[in-house]
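Enquirer: Residue numbers (the working numbering), protein chains in the order written: chain F, 534 to 726; chain E, 14 to 413.
Note that beta-carbon positions come from the ideal geometry of N, C-alpha and C, so glycine has one too.
So that we are looking at the same thing, I have put the structure below in structure tokens.
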């Protein structure tokens with residue numbers, strides 16, 4: 534399916550609006566990171582709403598930083614980080630939805646991760662990544678290297694397993710009646726947030 | 014800021030204590046928890062916890078059909094469920110490439126704006142209650158109840174509306190509904206002006222809010238703040254204007270902004286946004302025309318009851334729709350809408366089945382709540398309540 538053909542008035546006209554910007558950006562990006570980019574999927578070809586750039590795990594931070602700070606790109610706003618369980622090898626995809634506060638366009642960066650592998654944390658680029666990465670760790674069990682405080686966030690500390698993995702059962706209830714005690718270590722002035 | 018929290022006027026200065034607020038505490042909006050280390054009365058360091066009302070919506074999104082998931086979107090931001098319904102329906106329709114009729118879009122826009130008005134009314138009202146101005150809240154809450162009355166006429170429910178269907182709306186607006194909304198808009202305008210006169214220049218209100226819990230523009234970008242909270246700090250982004258969907262491009266409205274990013278600015282931006290939303294509703298009411306509210310695409314059109322009861326094909330269609338659901342073509346899209354508190358996004362990955370492969374909900378409140386610890390660092394503990402009320406975090410949206 535070609536989503537681009539079906540961009541209709543009620544969902545906004547931003548394909549036509551940003552098509553040219555994306556084209557030049559992707560060209561520039563392809564030249565700058567020849568080996569680091571695995572695959573680029575763009576809306577006219579693939580069923581997606583914005584260009585998706587699959588990058589190698591090791592180059593993730595440098596590409597995110599480049600997209601944030603390079604004048605022609607300015608993807609300075611982190612809309613969301615999430616992950617998907619693809620049920621094949623490599624198992625997970627970590628997804629970064631970026632937004633530009635000056636050009637108002639979006640782009641999506643993905644990196645593929647095997648089960649048990651780590652990803653570099655983007656907290657130093659965007660502090661907002663902190664809780665989003667904690668949620669991915671909680672829900673999928675993907676660890677983020679260099680994350681200041683990688684704990685569970687939605688689930689209890691005592692919870693076993695990672696609920697958004699496809700092999701976790703839908704009714705895998707684990708009930709805790711006592712709340713977690715106050716963690717005084719987090720209040721030390723030396724602790725990073 | 015972290016090291017400079019001494020207050021010479023505080024007789025308890027240099028006395029450290031740890032206090033725990035929540036998960037169930039009247040000042041925490043919903044089941045949220047904050048643990049703070051105080052130096053006298055000043056917050057030195059704090060951390061927030063949530064997840065107490067986690068209902069596994071993202072997991073349910075992978076295990077329910079697209080139609081069944083509509084009810085779960087009500088319970089995201091339960092103060093403005095209509096806006097969530099609209100965003101979710103847009104997200105799925107976009108993946109399917111459906112064009113819905115004009116009247117349905119106008120009604121959806123009215124719904125989204127009504128949701129914005131009633132959510133802002135409750136936000137500024139509750140913020141004032143937390144700071145001791147109870148009667149102020151009742152003015153807004155009355156209008157909110159009035160709005161519920163015509164929302165009830167629209168879909169039969171007051172709080173959890175589930176009004177929108179993929180490919181249209183469950184019911185057309187009843188006869189005379191537009192006039193009723195128009196009358197409500199006029200009354201609400203007067204009430205908002207009255208609320209403005211009552212509180213905005215009040216000395217105590219100003220003292221409690223001006224230059225309290227400042228979150229500036231740079232911090233807003235760093236912490237992914239969106240919506241009125243970001244606009245209060247001068248980050249002038251409104252997705253209705255900057256990435257327009259539906260018919261927002263054809264309407265005239267201002268995007269109010271402020272510069273300081275303190276509690277007062279967040280309050281005044283919301284108050285002004287109510288007025289703008291009321292204008293938008295009036296413009297929509299002028300443009301709306303009679304007609305159908307269903308996209309006649311057989312995949313998503315729920316068959317009418319007389320067809321279901323009187324024809325074999327209709328009955329089969331009905332059962333196929335509700336038991337198997339419809340396939341959404343393979344693809345992925347991140348659909349965002351300027352919901353009440355900011356950017357509400359649905360990132361849906363479809364593998365061509367009636368159930369989504371991944372249903373990610375990006376709630377604005379998650380990111381706002383994340384910024385709270387930084388926002389209140391160096392503030393008095395009592396101002397934490399003001400800060401929390403002013404960013405309008407809704408537990409349902411954070412916990413999902």
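1. So the candidates are E:120, E:318, E:20; which of them puts its Cα closest to the Cα of residue 305 (chain E)?
2. Please name the residues in the stretch 581 to 595 of chain F whose beta-carbon is closer than 9 Å to at least one beta-carbon of chain E, in chain order.
3. Should residue 80 (chain E) be flagged as near chain F, meaning a C-beta pair shorter than 9 Å?
4. Using alpha carbons as the reference points, say which of E:311, E:349, E:400 lies closest to residue 251 (chain E).
5. Could you pull the DSSP bridge partners for residue 643 (chain F) from this structure?
6. Per the DSSP calculation, residue 62 (chain E) is bridged to which residue(s)?
7. Are the beta-carbon atoms of residue 53 (chain E) and residue 69 (chain E) separated by less than 9 Å?
8. Of the choices E:360, E:365, E:361, whose alpha-carbon is the least far from that of residue 343 (chain E)?
9. Which chain E residues are close to residue 609 (chain F), counting only those with a beta carbon under 9 Å from its beta carbon?
10. Leaving out the 5 sequence neighbours to the left and right, which residues in its chain are closer than 8 Å to residue 643 (chain F) when beta-carbon positions are compared?
11. Out of curiosity, what's the CA-to-CA distance linking residue 218 (chain E) and residue 677 (chain F)?
12. How is residue 365 (chain E) classed by DSSP in three states: helix, strand or coil?
13. If we ignore side chains and look at the alpha-carbon of each, how far apart do residue 719 (chain F) and residue 562 (chain F) end up?
14. Using alpha carbons as the reference points, say which of E:309, E:333, E:298, E:240 lies closest to residue 404 (chain E).
15. Are the beta-carbon atoms of residue 633 (chain F) and residue 599 (chain F) separated by less than 9 Å?
16. Helix or strand or just coil, what does DSSP make of residue 189 (chain E)?
17. In the structure shown, what three-state DSSP assignment does residue 51 (chain E) receive?
18. In the DSSP assignment, the alpha helix (DSSP H) including residue 76 (chain E) goes from what residue to what residue?
19. Is the beta carbon of residue 150 (chain E) sitting closer than 9 Å to the one on residue 164 (chain E)?
20. Could you list which residues in chain E have their beta carbon closer than 8 Å to that of residue 612 (chain F), in chain order?
21. Need the endpoints of the beta strand (DSSP E) that residue 347 (chain E) sits in, please.
22. DSSP state of residue 618 (chain F), grouped into three classes?
23. Is residue 376 (chain E) near residue 182 (chain E), with beta carbons less than 9 Å apart?
24. If you draw a straight line from the C-alpha of residue 538 (chain F) to the C-alpha of residue 322 (chain E), how long is it?
25. Where do the N-terminal and C-terminal ends of the alpha helix (DSSP H) with residue 416 (chain E) fall, by residue?
26. Give a yes or no on contact between the stretch 608 to 618 of chain F and the stretch 366 to 374 of chain E, applying the rule of three or more CB pairs nearer than 8 Å.
27. Given a cut-off of 9 Å, decide if residue 156 (chain E) and residue 197 (chain E) are closer than it, judged by their beta-carbon atoms.
28. Using a Cβ-Cβ cutoff of 7 Å, what residues of the stretch 69 to 100 of chain E are near chain F? List them in chain order.
29. I believe residue 283 (chain E) touches residue 136 (chain E) by the beta-carbon criterion, under 8 Å. Please report the beta-carbon distance rounded to the nearest angstrom.
30. Taking only beta-carbon atoms, is residue 264 (chain E) less than 9 Å away from chain F?
31. Within 9 Å of any Cβ in chain F, is that where the Cβ of residue 383 (chain E) sits?
32. Taking only three categories from DSSP, how would you classify residue 140 (chain E)?
33. Could you name each continuous alpha helix (DSSP H) segment of 4 residues or more that falls completely within the stretch 217 to 243 of chain E, going from the start of the chain to the end?
34. Can a CB atom of chain F be found closer than 9 Å to the CB of residue 65 (chain E)?
35. Taking only beta carbons into account, state which residues of the stretch 111 to 145 of chain E come closer than 7 Å to chain F, listed in chain order.
36. For the structure I just gave you, are there three or more beta carbon pairs, one from the stretch 227 to 238 of chain E and one from the stretch 378 to 394 of chain E, closer than 8 Å?
Expert: Taking the definition as stated:
1. Residue mapping note: residue 305 (chain E) aligns to position 292 of the second chain, counting from 1. Nearest C-alpha to residue 305 (chain E): E:120.
2. 581, 582, 583, 585
3. In the second chain, counting from the first residue as 1, residue 80 (chain E) sits at position 67. For residue 80 (chain E), the nearest beta carbon of chain F is not closer than 9 Å to its own beta carbon.
4. Here residue 251 (chain E) is taken as the residue at index 238 of the second chain, counted from 1. Selected option, being the one with the closest Cα: E:349.
5. Taking the first chain and counting its residues from 1, the one referred to as residue 643 (chain F) is at position 110. Note: residue 643 (chain F) sits in a beta bridge opposite F:587, F:628.
6. As a first step, residue 62 (chain E) is located in the second chain; it is residue number 49 there, counting from the start. Answer is E:46, bridged to residue 62 (chain E).
7. The residue given as residue 53 (chain E) occupies position 40 in the second chain. The residue given as residue 69 (chain E) occupies position 56 in the second chain. No; because the gap between Cβ atoms is not below 9 Å, this pair is not in contact.
8. As a position in the second chain, residue 343 (chain E) is number 330, starting the count at 1. When each option's Cα is compared against that of residue 343 (chain E), the closest is E:365.
9. Along the first chain, one-based indexing puts residue 609 (chain F) at 76. The answer, in chain order, is 234.
10. Position 110 of the first chain, counted from the start, is the residue given in the question as residue 643 (chain F). Only 585, 586, 587, 588, 626, 627, 628, 629 meet the Cβ criterion.
11. As a working note, residue 218 (chain E) is residue 205 in the second chain. As a working note, residue 677 (chain F) is residue 144 in the first chain. Cα to Cα, the separation comes out at about 44 Å.
12. The count along the second chain starts at 1 and reaches residue 365 (chain E) at position 352. Note: residue 365 (chain E) maps to coil in three-state DSSP.
13. Here the question's residue 719 (chain F) lines up with position 186 in the first chain. Here the question's residue 562 (chain F) lines up with position 29 in the first chain. The straight-line gap from Cα to Cα measures roughly 40 Å.
14. For this step, residue 404 (chain E) is matched to residue 391 along the second chain. Comparing Cα-Cα distances from residue 404 (chain E) to each of E:309, E:333, E:298, E:240, the minimum goes to E:240.
15. Taking the first residue of the first chain as 1, we reach residue 633 (chain F) at position 100. Taking the first residue of the first chain as 1, we reach residue 599 (chain F) at position 66. Going by C-beta atoms, residue 633 (chain F) is not nearer than 9 Å to residue 599 (chain F).
16. If you number the second chain from 1, residue 189 (chain E) lands on position 176. Residue 189 (chain E): coil per DSSP, three-state reduction.
17. Residue 51 (chain E) sits at position 38 when you count from the first residue of the second chain. Strand at residue 51 (chain E).
18. Residue numbering aside, residue 76 (chain E) sits at position 63 when the second chain is read from its first letter. It spans 70 to 76 - the alpha helix (DSSP H) in which residue 76 (chain E) sits, taken as one unbroken run.
19. Indexing the second chain from 1 puts residue 150 (chain E) at position 137. Indexing the second chain from 1 puts residue 164 (chain E) at position 151. No.
20. For the purposes of this step, residue 612 (chain F) is taken as the residue at position 79 of the first chain. The contacting residues are 237, 347, 349, 356, 358, 375.
21. By one-based count along the second chain, residue 347 (chain E) stands at place 334. Unbroken beta strand (DSSP E) run through residue 347 (chain E): 344 to 351.
22. Here residue 618 (chain F) refers to the residue found at position 85 when the first chain is read from its first residue. Three-state result, residue 618 (chain F): strand.
23. Locating residue 376 (chain E) in the second chain gives position 363, where the first residue counts as 1. Locating residue 182 (chain E) in the second chain gives position 169, where the first residue counts as 1. Cβ distance not < 9 Å, so residue 376 (chain E) and residue 182 (chain E) don't count as in contact.
24. Within the first chain, numbered from 1, the residue matching residue 538 (chain F) stands at position 5. Within the second chain, numbered from 1, the residue matching residue 322 (chain E) stands at position 309. In this predicted model, residue 538 (chain F) has a pLDDT of only 44, less than 50, meaning its place in the structure is not dependable enough to derive any value.
25. The displayed coordinates of chain E run from 14 to 413. Any statement about residue 416 (chain E) would go beyond what the structure contains.
26. yes
27. As a first step, residue 197 (chain E) is located in the second chain; it is residue number 184 there, counting from the start. As a first step, residue 156 (chain E) is located in the second chain; it is residue number 143 there, counting from the start. In contact: residue 197 (chain E) and residue 156 (chain E) (Cβ atoms closer than 9 Å).
28. 69, 71, 72, 76
29. Position 270 of the second chain, counting from 1, holds the residue named residue 283 (chain E). Position 123 of the second chain, counting from 1, holds the residue named residue 136 (chain E). Indeed, because the Cβ distance is near 6 Å, the residues count as touching under 8 Å.
30. Here residue 264 (chain E) refers to the residue found at position 251 when the second chain is read from its first residue. It does not: the Cβ of residue 264 (chain E) has no partner Cβ on chain F nearer than 9 Å.
31. One-based indexing of the second chain puts residue 383 (chain E) at position 370. So yes, residue 383 (chain E) belongs to the interface.
32. If you number the second chain from 1, residue 140 (chain E) lands on position 127. Three-state result, residue 140 (chain E): helix.
33. 230 to 235
34. Against the second chain, residue 65 (chain E) aligns to sequence position 52. Yes, its Cβ sits closer than 9 Å to a Cβ of chain F.
35. 112, 113, 118
36. yes
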